[in-house]
Structures are given as structure tokens and as C-alpha cells.
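Scroll down for the structure; my scribbles are underneath it.
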Amino acid sequence: MRDAFINALNTQKITSEWVASLSENLTNIYTPGYREQKFTFKTFLNGSIAEDRLRNLSQGKSSPGTSDENIFLEGSGYFAIRNDEGRIAYTRLGEFKFDGEGVYRTHDGQAVQGYILNDKGEIMNGAKPVDAESFVDTPFDGGAASVPTTNIKLWKDPSNGKYLGKYEEFEFAGDGILYGKADGGKIKTPLYKVAVINFHNPQMLFQVADGQFIETEESGRPIIGRGEVRGGLIELSNVDFDTNTAYYQQAQMQLELANQLIKSHKQLLQNAIELMGS
């Protein structure tokens, strides 16, 4: 009876955690950039325990953003963002906008990171362009090319209302390049390349805020990522509604069964105590 009782208690505890995880997934099914939690189990003598919760790193669907300034990353990797203290974090949610000073920022004010380009579209490291192959093979935080990121700025000139004083509009291209456009689109000048960063083990990134992560020893150091960047779109949650709903129903039934088993064992124990005292 002792083993069965312990088994029921363990089942109740782990199923409650499972229900909480599934509830969080279903609550965030419409939250842009949300990554689904995967709950796995490991068995032992008296029941089950939960292994580490894993994030579903699969691609979420694209959707029109709230502004043409939003961007969507198709493929693996993250956008790099920097807070006022200089700390770098990483996010999939590209719901970014230019602020009043023309700095490209997240909804909570962190600066989106990018690389300065010359008019040929080459990434600049100081006054020198960087070879494309060297750049791709360079770790994000330095290496052979050691290319630093910078805040992306696209201020408007108050005298003529143009971006940087000479561009009527802007455009994000698939390779993550921000172009300034003038003369009705006839002039198209590369300005910045949005930094796309990846990790050897992104599953081990540590979440510090909703949809924002920082590197850990287990994730490995950040490296240059690959992916297509599209303007005017954002990534939706990657939660599978049908699967999570089915699991939620299963978990509720399992929790009810565990509760009934615990109740029955408590009653049997109470009856045994009463018999011993009579």
C-alpha cells in the first residue's frame, strides 16, 4: 500500500506541473514570438518525475505586424538586442520600431543590434570592409574579423522629413539589410544589416523576460546566424493548439485519477488506524 500511495502522490505532483505547462502554452497561443514548452517524463521505481522543460524551437507562422518597421526571422537564430547597461539578449519577436530619435528598439526600449554597411552593402569594421566569408565564420563577440554591432539609427531630418535627410522611405530585404530609398525607389542604398545570432545549443539559453534570452555556459558562445529577414511581419506563437488541448484533457483525467487514489489510500489508512484502536 505504501508504494501505491507514494506512486499516487508523485503522479499528482508531476501531473499538476504538466497541467500548468500546458495551460501556459494554451494561454499564449496568440502571443507573438512565444515558444511552446515541451514537457517530458522520466520513470523510476515509485512513479515518474519531470525532466527539464524544453522549448519548441520550430518556426512559428508569419503574420502582418503592427508596422512596416516590424521584422520576421525565417530560419534558426535570434535578433540581438542591447539594454541601457550594455547587456545583450536575444529574441525571436521582431516587433521593433524606430523611436523619436530614430533608434530601432524593442517594445520595452532595448536597442536592436546591427552592422554598419558601406554603399556597396559590405559590412564595415571601422573604416575597412569585411570579407563576407570571414564574417560568417566569425564568432559574434569577436574573432578573426572582430566585427562589433551597433544600434540601428534612422532619424528623420526635421527640415525635410526625410530619413537621414535624404531618403523618403526604407525597406528591410531578405538578407536582413535595411535600405534607404529615394527618388521614388530609383535610389536604394544599403545602410545596416540586422544582426542574426545563433548558438550551438540554443535549447540551453536562459529566459530573462518574456521572449528574451541570454547565453549560458551550456548554450555555448553566440555565433553568426543564418536566416531570412522580412519586413512588415512578425512571428506568431509556435504552439500546436490541437496537440496541447488533447494533452490537457489527458492530464486532467490523470490528475483526477491520482486525487481519487490518494483519497482512497487515506481512507484505508484511517480505517486501519480505527481497527487497531478498537
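Reading the sequence shown from the start, the letters are residues 219 to 496 in the numbering used here.
The beta carbon of each residue, even a glycine, is placed where N, CA and C say it ideally should be.
Would you check if the distance between the CB atom of residue i and the CB atom of residue j is smaller than 8 Å?
i, j, result
"residue 238", "residue 476", "no"
"residue 453", "residue 278", "yes"
"residue 396", "residue 288", "no"
"residue 251", "residue 429", "yes"
"residue 247", "residue 459", "yes"
"residue 233", "residue 472", "yes"
"residue 353", "residue 442", "yes"
"residue 244", "residue 462", "yes"
"residue 410", "residue 335", "yes"
Pick from the options: whose alpha carbon is nearest that of residue i?
i, options, result
"residue 318", "343, 306, 374", "374"
"residue 338", "291, 370, 398", "398"
"residue 392", "415, 344, 440, 444", "444"
"residue 214", "478, 426, 462", "Residue 214 is absent from the structure shown; the chain starts at 219 and stops at 496."
"residue 416", "480, 410, 308", "308"
"residue 402", "414, 389, 409, 421", "389"
"residue 304", "327, 293, 295, 316", "327"
"residue 455", "449, 235, 255, 236", "255"
"residue 228", "419, 377, 480, 293", "480"
"residue 371", "404, 427, 381", "381"
"residue 420", "407, 435, 406, 408", "435"
"residue 387", "376, 293, 406", "406"
Skipping 5 residues on each side, what residues in its chain have a beta carbon closer than 6 Å to that of residue i?
i, result
"residue 369", "321, 329"
"residue 423", "431, 437"
"residue 361", "Per-residue confidence for residue 361 stands at a pLDDT of 44, beneath the threshold of 50, marking its modelled position as unreliable; the derived number appears in the next sentence. Nothing meets the Cβ criterion."
"residue 273", "253"
"residue 412", "332, 394, 447"
"residue 219", "At residue 219 the pLDDT is 45, less than 50, meaning the model places this residue with poor confidence and gives no usable figure here."
"residue 263", "For residue 263, the predicted structure reports a pLDDT of 43, less than 50, and the residue's modelled location is therefore unreliable. A value from the coordinates is still provided. Once the five neighbours on either side are set aside, residue 263 has no close Cβ partner at all."
"residue 302", "none"
"residue 457", "243, 247, 254"
Between residue i and the rest of its own chain, which residues show a CB-CB distance below 7 Å, the 5 nearest in sequence each way excluded?
i, result
"residue 311", "250, 251, 429, 452, 453"
"residue 465", "240"
"residue 425", "431"
"residue 285", "315"
"residue 367", "298, 331, 332, 333, 413"
"residue 469", "233, 236, 237, 240"
"residue 166", "There is no way to answer for residue 166, as the model of the chain reaches only from 219 to 496."
"residue 365", "333, 341, 343, 348, 353, 356"
I need the DSSP call for residue i, collapsed to helix, strand or coil.
i, result
"residue 255", "strand"
"residue 331", "strand"
"residue 406", "strand"
"residue 393", "strand"
"residue 366", "coil"
"residue 465", "helix"
"residue 481", "helix"
"residue 309", "strand"
"residue 412", "strand"
"residue 239", "helix"
"residue 225", "helix"
"residue 231", "helix"
"residue 319", "coil"
"residue 298", "strand"
Can you find the residues in the same chain that come closer than 8 Å, C-beta to C-beta, to residue i, ignoring five residues on each side of it along the sequence?
i, result
"residue 295", "414, 415, 416, 443, 444, 445"
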